[in-house]
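*Asks:*
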Amino acid sequence: PGEYDAWAVQVRRLADERGAVVLAHNYQVPEIQDVAHHTGDSLYLSRVAAETDAREIVFCGVHFMAETAKILSPDKTVLLPDHAAGCSLADSITAQQLREWKAEHPGAVVVSYVNTTAAVKAETDVCCTSSNAADVVRSIPADREVLFCPDQFLGAHVRRVTGRTNMHIWAGECHVHAGISPADVRSQIAAHPDAEILVHPECGCTTSVLDLVSNGDLPADRTRVLSTGGMVDAAVATRAGQVLVATEVGILHQLRSLNTGTDFIPMNARAACRYMKMITPAKLLRTLQTGEGAVDVDPDTAARARRAVEAMIAIGD
Ligand code: 13P
Ligand code: SF4
Numbered sequence: 003p004g005e006y007d008a009w010a011v012q013v014r015r016l017a018d019e020r021g022a023v024v025l026a027h028n029y030q031v032p033e034i035q036d037v038a039h040h041t042g043d044s045l046y047l048s049r050v051a052a053e054t055d056a057r058e059i060v061f062c063g064v065h066f067m068a069e070t071a072k073i074l075s076p077d078k079t080v081l082l083p084d085h086a087a088g089c090s091l092a093d094s095i096t097a098q099q100l101r102e103w104k105a106e107h108p109g110a111v112v113v114s115y116v117n118t119t120a121a122v123k124a125e126t127d128v129c130c131t132s133s134n135a136a137d138v139v140r141s142i143p144a145d146r147e148v149l150f151c152p153d154q155f156l157g158a159h160v161r162r163v164t165g166r167t168n169m170h171i172w173a174g175e176c177h178v179h180a181g182i183s184p185a186d187v188r189s190q191i192a193a194h195p196d197a198e199i200l201v202h203p204e205c206g207c208t209t210s211v212l213d214l215v216s217n218g219d220l221p222a223d224r225t226r227v228l229s230t231g232g233m234v235d236a237a238v239a240t241r242a243g244q245v246l247v248a249t250e251v252g253i254l255h256q257l258r259s260l261n262t263g264t265d266f267i268p269m270n271a272r273a274a275c276r277y278m279k280m281i282t283p284a285k286l287l288r289t290l291q292t293g294e295g296a297v298d299v300d301p302d303t304a305a306r307a308r309r310a311v312e313a314m315i316a317i318g319d
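Under the UniProt record's numbering, the sequence shown has 96 at position 94, and the numbering climbs by one with no breaks.
Structure representation (structure tokens):
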């Protein structure tokens, strides 16, 4: 604890001196979640990035998140402590692939998950996150075709809850969430039959969990599909003894610190994102000491991408 306190004091002091706000995603390591000025899900962090008065944003998350902050606050410096912190989902579609897909469906509205590069956002009509994807799709007139990318599991979930039939879904996935499988769900439910269940819609098990609810094998009032921010809210509110959590395991730190009376159990304990964990306490400190690691987005790409992100923020969650 002494070592942590000294590091945290130094991080906060350097951030103050630089006029920097430190943002952390819910999958960051515990020390970073605790030291950040704001910790949350992708939508919340992009709102903070758009509204902050700070001169500089230090983004503890992955590259597309820092790019989104830069797109929304182009006059600010956005620092990312390790530029190798990528995302397998963002890598699953390129701007060229999206242009080709659009050419096959003229007139379609493109909805891209925020887990995409700035170049893909620039080819997009409206972005979405896991907390607002269904609302974004509902906001599109029913007679317009929708191209939804890149996550196939989130896409399937949105199709299910909106009932949209004229929606095409790209076959991308996040390697971490795709790995949380129907088999994990079966064995964890058998081991913890009374647990509440929280599922992130990027998971490979989302459809099978909802099928279990439709068949009456899982109680609907104990099973929810939520963004990481929605899981944090649910963790504060729950009175359950056990909650099974299907998402990246970094979220467990927040859930457990917010509610010590509930046992939060990972649906798959191996679901760790190596990219999120590239942002270490030592790298965060070095970034604040040196000011290195600025993320830049070409102004023309940023301006086109900004329209899509702002269209999403206007829709809300
Ligand atoms: P949310 O925090 O928006 O739920 O996103 C999850 C994710 O995979 C980010 O990488
Ligand atoms: Fe990307 Fe998956 Fe890691 Fe999120 S958990 S940053 S979607 S690779």
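Ideal Cβ placement from N, Cα and C applies to all residues, glycine included.
Let me have the residue list for ligand 2: C-beta closer than 7 angstroms to any non-hydrogen atom, ordered along the chain.
*Replies:* Y29, V64, C89, S90, L91, A92, N117, C176, H177, V178, H179, E204, E250, C275, Y277, M278
*Asks:* Could you tell me how far apart the beta carbons of A197 and L246 are, in whole angstroms, since I believe they sit closer than 8 angstroms?
*Replies:* 5 angstroms
*Asks:* Extract the residue ranges of the alpha helix (DSSP H) inside the segment 250 to 289, only unbroken runs of 4 or more that lie entirely within it.
*Replies:* Segments of the alpha helix (DSSP H) lying fully in the segment 250 to 289: 253 to 260.
*Asks:* Taking only runs that begin and end inside the segment 199 to 254, name each unbroken beta strand (DSSP E) of 3 or more residues, in chain order.
*Replies:* Listed in chain order, the complete beta strand (DSSP E) runs (minimum 3 residues) inside the segment 199 to 254 are 225 to 227, 244 to 248.
*Asks:* Which two residues bound the contiguous beta strand (DSSP E) that contains V64?
*Replies:* From DSSP, V64 is part of no beta strand (DSSP E); its letter is neither H nor E.
*Asks:* If you measure between the beta carbons of A68 and V23, is that distance less than 8 angstroms?
*Replies:* no
*Asks:* Exposed or buried, which one is G109 when buried takes at least 16 other CB atoms within 10 Å?
*Replies:* Looking at its Cβ environment, which holds fewer than 16 other Cβ atoms inside 10 Å, G109 is exposed.
*Asks:* Would you say H40 touches ligand 1, meaning its beta carbon is less than 7 angstroms from a heavy atom?
*Replies:* no
*Asks:* When you measure from the CB of G218 to every non-hydrogen atom of ligand 1, does any distance come out below 7 angstroms?
*Replies:* no
*Asks:* Starting from Y115, follow its DSSP beta bridges and name the residues at the other end.
*Replies:* Per DSSP, C130.
*Asks:* Which residue wins for smallest C-alpha separation from Q30, given the options L290, V64, S114?
*Replies:* V64
*Asks:* So the candidates are L47, E58, H27; which of them puts its Cα closest to the Cα of D18?
*Replies:* For D18, the nearest C-alpha among the options comes from E58.
*Asks:* Relative to ligand 1, is the shortest distance from any of its heavy atoms to the C-beta of D43 smaller than 7 angstroms?
*Replies:* yes
*Asks:* Below 7 angstroms, is the gap between the Cβ of G231 and the nearest heavy atom of ligand 1?
*Replies:* The answer is yes for G231.
*Asks:* Whole-angstrom Cβ separation of L287 and W103, contact assumed at under 8 angstroms?
*Replies:* Going by Cβ atoms, the distance from L287 to W103 rounds to 42 angstroms, so no, they are not a contact pair.
*Asks:* Give me whichever residues DSSP pairs with A26 in a beta bridge.
*Replies:* T41, C62
*Asks:* Can you give, in chain order, each stretch of the beta strand (DSSP E) that sits fully within the segment 119 to 192 and has at least 3 residues?
*Replies:* 128 to 130, 148 to 151, 169 to 171
*Asks:* Is it the case that the segment 219 to 230 contacts the segment 263 to 277, given that we only count it when at least three CB pairs across the two stretches are under 8 angstroms?
*Replies:* Two segments are said to touch when three or more pairs of C-beta atoms, one from each, lie closer than 8 angstroms; by this definition the segment 263 to 277 does not touch the segment 219 to 230.
*Asks:* Please tell me whether L74 and V251 are closer than 8 angstroms, where the distance is taken between their beta carbons.
*Replies:* Result no, Cβ atoms of L74 and V251 do not sit closer than 8 angstroms.
*Asks:* By DSSP, does L100 sit in helix, in strand, or in coil?
*Replies:* helix
*Asks:* Pull up the DSSP beta-bridge partners for V80, would you.
*Replies:* I59
*Asks:* Can you name, in chain order, every residue of its own chain whose Cβ lies under 8 angstroms from the Cβ of I171, other than the five neighbours on each side?
*Replies:* F150, C151, Q154, G157, A158, R161
*Asks:* My guess is that A52 and F61 are in contact by the Cβ rule of under 8 angstroms, so how many angstroms apart are they, rounded?
*Replies:* Contact check for A52 and F61: beta-carbon distance about 13 angstroms, past the 8 angstroms limit, so the pair fails to qualify.
*Asks:* List the DSSP bridge partners of A296.
*Replies:* L81
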